[in-house]
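Only one structure is covered here, and it is reproduced in the block below.
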Amino acid sequence: MARKKSRTLQEELVASYSKHSISSRSTFHPALWGNGREPADMIIAVGRSLLFINATEGKSYFENLCDHNLNQARARILEWQGGRPIRGQNEFQSFAIAWEDIDHIAVISVVDGPHAACLAHSIITEGMPEKVRICCTITSDVMRDLARLGGGARDLLAFCKSISEYGVVTAENARSLLSWRYDGRVRWAKAQIPNEPKWLGATIIKGRPVTWFDEFRVIFEGKRRHGQIPNDFSDLNWDEIFSAVIFITNSAAEMEASPDGQIRSAIIGHHWRFQVVVSSIIEGLAEYMDGIMERANQANCTFTYIVILASFGISGMIAMNPGLHSWALDAEMAALV
């Protein structure tokens, strides 16, 4: 039997983000240009922002690994600026991104090896082309961890910004920094939930019991992979996901005392907004949809996520507002200028 070929670092990162990241719909491996060159190892395109990611591994010194990735990124971005579109596809959609389609670029260099570390680079010193707002090197372990935790483009950008004040960050300290940022958010979120719902029974994920907070999070994040879900999901970050799940979990627990059924809603988000609706009314829910969507329109929500609670299980669905699009990553990238 032929031995299965192992994945390269680049292939592994694309596969991990495509499977786990909240920005999976916007993540792809770009196709080769006609000259046989590859624009980048991975692209994440959200709104008018693009994360330009190159990865390399080896035993070379840290500076050499950085130079390899940054020199390649600089050259490829100039080719893109010269008129070569970045094309590619994933399981959800195809991409054809012209230079004029993007206002903000983050250059992210990923390194792996005994000398791997993290460092924020000066876009001026590195001579990066226009539209580049941030340039940094991070370890492959940080990239893997962030994807495994469901992080998206904005969480990756936030980590890159966080290392700018530290100089060179060792591989071990970088993983600890990411863990500290994520674990702190989880602790904060779970502290906002005084009681878990009991009427829905126990929940199990991959053979082990979990809290309803975890279950509702899995259901919510999983919606990005089904049906005509808006690309706005790619613009979510941990803070917004956790805020939505807190509201869902608390609403489910409080609805236990209401035998007649209830509908509750909340508007989530800062730079952009989406609506979360929790309903223990099943058959009569359609009567309330006009009011639900009207509230979403008044609050400029890009989509509405509806959770239906029933004794036989939980279901969730998305109602889109096609006239609006998220712009959170764009706002955060523009603020770097």
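Position 290, counted from 1, in the sequence shown is what numbering that gives the first Met the number 0 calls 289; the numbers after and before it change by one each time, with no gaps.
C-beta: ideal position from N, C-alpha, C; glycine also.
Please report the distance separating the alpha-carbon of residue i from that of residue j.
i    : j    : result
S121 : Y165 : 14 Å
M0   : I21  : Because M0 carries a pLDDT of 44, less than 50, the predicted location of this residue cannot be relied on, and no value is offered for it.
R2   : T248 : Interpretation of R2 is limited by its pLDDT of 46, a score under 50 that renders its predicted location unreliable; no figure is taken from the coordinates.
Q274 : G206 : 32 Å
C135 : V167 : 11 Å
A298 : F158 : 30 Å
K222 : V109 : 29 Å
A170 : C117 : 7 Å
V244 : I76  : 39 Å
N101 : V209 : Residue identity differs from the one stated: residue 101 is Ile in this sequence, not Asn. Taking the straight line from one Cα to the other gives about 41 Å.
Q337 : L69  : This structure gives no information on residue 337, because the portion of the chain shown stretches from 0 to 336.
G315 : P113 : 45 Å
F212 : E195 : 8 Å
R73  : G126 : 8 Å
M332 : I133 : 8 Å
R180 : A188 : 13 Å
S15  : D40  : 13 Å
F246 : Q71  : 45 Å
D238 : I267 : 10 Å
L323 : S264 : 19 Å
M288 : H270 : 25 Å
L145 : F219 : 18 Å
S279 : I313 : 10 Å
M292 : L64  : 51 Å
A295 : E214 : 25 Å
A19  : I52  : For the sequence presented, residue 19 should be read as His rather than Ala. Looking at the two C-alpha atoms, the distance is approximately 17 Å.
H67  : L177 : 25 Å
State buried or exposed for residue i, treating a residue as buried only when at least 16 other CB atoms are found within 10 Å of its CB.
i    : result
I123 : exposed
T7   : exposed
E286 : exposed
V336 : exposed
D359 : Outside the shown range of the chain (0 to 336) lies residue 359, about which nothing can therefore be said.
Q9   : buried
P321 : exposed
N34  : exposed
A334 : exposed
I281 : exposed
M254 : buried
R272 : buried
R216 : buried
V13  : buried
R186 : exposed
R24  : buried
Rank the options by C-alpha distance to the C-alpha of residue i and give the top, closest one.
i    : options                   : result
I137 : R153, D111 and R147       : D111
W98  : A119, Q71, A115 and P128  : P128
L308 : R272, S257, T301 and V336 : S257
R47  : D154, G33, G126 and K130  : K130
H225 : S175, A318 and D213       : A318
N54  : S25, A115 and I240        : Reading the sequence as shown, one finds Ala at residue 54 and not Asn. With distances taken between Cα atoms, A54 lies closest to A115.
I42  : H67, N63, G33 and P84     : P84
S163 : H28, G283, A119 and W271  : A119
S17  : R143, W79 and D259        : R143
Q80  : H103, D66 and D259        : H103
K197 : S250, T303 and P29        : S250
A30  : R24, P38 and S23          : P38
L284 : G183, G260 and N63        : G260
N172 : D140, I305 and H28        : D140
C300 : D231, I262 and V217       : D231
S93  : I52, A44, E214 and I291   : A44
D234 : H28, R36, L49 and W32     : L49
L156 : S175, S178, R184 and I107 : I107
What runs of the beta strand (DSSP E), each 3 residues or longer, lie entirely inside the stretch 10-47? 41-45
In the stretch 181-267, which residue ranges form an unbroken beta strand (DSSP E) of at least 3 residues, counting only runs that do not cross its ends? 202-204, 207-209 and 262-267
Measuring CB atoms only, is the stretch 81-89 touching the stretch 57-69, in the sense that at least three cross pairs come out at less than 8 Å? no
For the stretch 318-331 against the stretch 137-149, are there 3 or more C-beta pairs whose distance is under 8 Å? no
Please give me, in chain order, every unbroken run of the beta strand (DSSP E) with length at least 3 that falls completely inside the stretch 92-170. 93-96, 103-111, 116-120 and 131-138
Entirely enclosed alpha helix (DSSP H) segments - the stretch 268-298, minimum 4 residues: 288-297
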